[in-house]
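Take a look at the structure set out below.
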Amino acid sequence: MSDARPAHPAARFSPAAERNKQPIGQALLGLLPPQGLALEIASGSGQHVAHFAALLPGWQWLASDPEASALASIPHWWPQGPAPLQLDVSQETWPLPASHAQVDAIFCANMLHISGPDSARGLMRGAARHVRAGGHLLVYGPFIVEGQPTAPSNLAFDADLRARNPAWGLRSLGHIESIAAEQDLQLVQQLGMPANNLLLVFQRRPVPGAPI
């Protein structure tokens with residue numbers, strides 16, 4: 099697969115995405131079945147989705163982001179992919195095409211700590227609407243884990259985020275697990291990742307009496 103940085107000036111570059119795309123990709127290889135349909139939330143530059151699409155050829159990917167600069171960047175990293183969706187997770191309706199309204203997995207990296215609390219709830223509500231029963235929501239990033247010491251680097255990062263925007267900051271894993279459970283999303287795996295990050299794997303449980 100090619101990881102060459104596009105020359106076009108609209109192509110954004112994220113050093114963090116460049117560092118973590120390979121360990122995340124290897125984790126996805128071990129977690130996901132051979133094929134399916136996945137939606138990436140907050141795709142940013144497009145580095146993640148381009149890498150995952152090449153690494154997991156049996157999966158069809160949809161990229162999305164609320165920001166115009168990201169929507170302009172993604173096609174330069176992933177020219178063979180479909181047009182990215184302008185999607186704000188806090189909105190009640192997500193603009194997924196009717197043919198892809200139900201997906202097998204949703205992936206979201208490094209969004210929750212740089213957005214307000216409505217984004218976490220919106221992500222869980224959207225996953226409940228759009229992930230097929232038995233499918234997965236995968237959330238990557240730094241979290242505060244109750245009962246465990248927080249790495250000094252994560253504490254410093256949290257303080258810096260809150261100084262920049264009081265609505266930002268590392269989220270409590272217990273809180274994220276709780277709001278996911280409200281939407282019948284069960285935390286089934288918690289993988290330690292490099293640089294004190296976690297990959298949280300939620301599974302959508304069928305609602306009793308609801309069509310699957």
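Under the working numbering, the first residue of the sequence shown is numbered 99, with each subsequent residue one higher.
Yeah, the Cβ is synthetic: ideal placement off N, Cα and C, and Gly gets one too.
None of these values were measured; they are calculated from a predicted model.
Counting of Cβ neighbours within 10 angstroms places Asp163 among the buried residues, the total reaching 16 or more. DSSP places Arg227 in the helix class (H, G or I) of the three-state scheme. Here Glu138 is buried. Its C-beta has 16 or more other C-beta atoms within 10 Å. The DSSP-derived three-state label of His234 is strand.
Under the rule that a run must span 3 or more residues, the beta strand (DSSP E) segments found entirely inside the region 233 to 308 read 283 to 291, 295 to 302. When secondary structure is reduced to three states using DSSP, Ala196 falls in the helix class.
Under the 8 Å Cβ criterion, the region 296 to 303 counts as touching the region 220 to 235, having at least three qualifying pairs. Under DSSP, the beta-bridge partners assigned to Phe205 are Glu138, Leu236. Annotation for Trp175: Pro104, Ala109, Ser143, Gly144, Gln145, Ala148 place their beta carbon closer than 7 Å to its own, counting only its chain and skipping 5 residues before and after. Beta-bridge analysis with DSSP links Ser162 to Leu183. Within 10 angstroms of the beta-carbon of Ser251 lie fewer than 16 other beta-carbons, which makes it exposed.
Between His211 and Gly239, the gap from beta carbon to beta carbon is short of 8 Å. Here Leu268 is buried: its Cβ has 16 or more other Cβ atoms, across all protein chains shown, within 10 Å.
Sixteen is the threshold: when 16 or more other Cβ atoms of the shown chains lie within 10 Å of the Cβ of Asp186, as they do, the residue is buried. In this structure, the beta-carbon distance from Arg230 to Asp202 falls below 8 Å. Judged by DSSP secondary structure, Ile122 falls within the alpha helix (DSSP H) whose first and last residues are 113 to 129. Within the same chain, and ignoring the five residues on either side of Gly156 in sequence, the residues whose Cβ sits closer than 7 Å to its Cβ are Pro132, Gln133. When the Cα atoms are used, His228 and Ala151 turn out to be separated by approximately 20 Å. Here Gly128 is exposed: its Cβ has fewer than 16 other Cβ atoms, across all protein chains shown, within 10 Å.
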